[in-house]
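In this note's numbering, the protein residues as written are 371 to 660.
As structure tokens, this is what we get:
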């Protein structure tokens with residue numbers, strides 16, 4: 371057995387319906403795929419319906435499971451509430467919410483516009499609170515047990531330069547996770563979080579660090595175990611935390627980063643080495659508007 375193998379037994383999530391925000395690509399897609407393999411029904415959401423539909427079709431073909439793609443901008447509460455209503459109408463219930471949708475800029479903070487700063491806050495913190503409140507209120511009203519799993523990051527507690535809005539937003543999500551774990555446990559609603567280290571997804575690192583910067587700031591070099599994470603490793607932890615095997619785990623954040631944050635707090639602090647001219651090039655490459 372290797373770290374690329376699935377951890378839970380077949381059928382471990384049978385009968386559960388799981389909603390994954392940001393589920394059409396990247397880590398959300400990988401976690402959702404494993405949930406399907408374990409017998410769950412799946413709802414995937416993001417802003418791009420065509421991406422969701424393609425992912426849903428691909429997932430259903432490879433697993434034989436049922437996937438509902440629903441377009442939703444988590445920043446807009448009206449869209450979130452409609453998405454939730456449609457999901458419940460389709461499957462009859464939703465048992466688990468995985469808050470995975472995120473956005474980020476790597477930039478000196480003084481170079482960020484108010485709009486750029488608030489965009490990250492709105493997607494990560496406001497988006498998570500919108501989905502959490504919508505689901506939580508429904509579960510409480512219907513007297514239905516539920517589980518929240520939120521994707522945070524280790525710099526939610528260490529902080530980190532060059533990703534300040536993300537750090538602030540993720541810290542808020544972590545505080546909400548722990549707070550609701552206490553407040554809503556009486557309703558049989560659990561809340562936990564995962565703080566992943568570097569788990570590269572297709573195109574993600576090249577968008578954040580274009581050109582030769584990807585090689586210069588190779589995230590594997592900061593990880594004591596000497597490599598980045600495999601998506602299945604994250605999916606294993608996520609599946610455990612949304613399963614009944616973790617029924618006594620509540621208000622916890624599990625770090626899966628190979629020891630990275632212990633080696634150097636602040637995941638992007640080393641970007642002090644980037645000269646101002648390189649920041650100019652990075653801004654130009656992503657088409658920043660004044």
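Using N, Cα and C, we set each Cβ at its ideal position, and we do this for glycine too. Just so you know, these numbers come straight off a predicted model, no measurement behind them.
Closest by C-alpha distance to residue 642, out of 436, 408 and 479, is 479.
For residue 416, the enclosing beta strand (DSSP E) stretches over residues 411–416.
In the three-state reduction of the DSSP assignment, residue 555 falls in the helix class, which pools H, G and I. Here the alpha carbon of residue 490 sits roughly 11 Å from the alpha carbon of residue 482. When DSSP states are grouped into helix, strand and coil, residue 656 belongs to the coil group. Between residue 409 and the set 597, 419, 438 and 433, the nearest pair of CA atoms involves 433. Between residue 588 and residue 524, the C-beta gap is not smaller than 9 Å, which leaves the two residues out of contact. For the pair residue 652 and residue 571, the Cα-to-Cα distance works out to about 19 Å. Among the bridge pairs identified by DSSP, residue 560 is matched with 517. Within the model, the alpha-carbon separation for residue 429 versus residue 437 is close to 7 Å. When DSSP states are grouped into helix, strand and coil, residue 488 belongs to the helix group.
Put simply, the stretch 556–567 touches the stretch 615–632. At least three CB pairs are less than 8 Å apart. Under DSSP, residue 625 takes part in a beta bridge, and its partners are 565. By the neighbour-count criterion, in which a residue is buried when 16 or more other Cβ atoms sit within 10 angstroms of its Cβ, residue 630 is buried. Rounded to the nearest angstrom, the Cβ distance from residue 528 to residue 621 is 20 Å, too far for a contact under 8 Å. The DSSP assignment places 447–461 and 484–491 as complete runs of the alpha helix (DSSP H) inside the stretch 440–500, in order along the chain (cut-off: 4 residues). As a beta-bridge residue in DSSP terms, residue 389 pairs with 413 and 467. The beta-carbon distance between residue 501 and residue 444, rounded to whole angstroms, is 6 Å. This is short enough to meet the 8 Å contact definition. A distance below 8 Å between beta-carbons, with the five flanking residues on each side excluded, links residue 381 to the following residues of its chain, in chain order: 408 and 409. Three or more pairs of CB atoms, one per stretch, sit closer than 8 Å, so the stretch 457–467 contacts the stretch 387–401.
Note on geometry: alpha-carbon atoms of residue 440 and residue 612 lie some 21 Å from one another.
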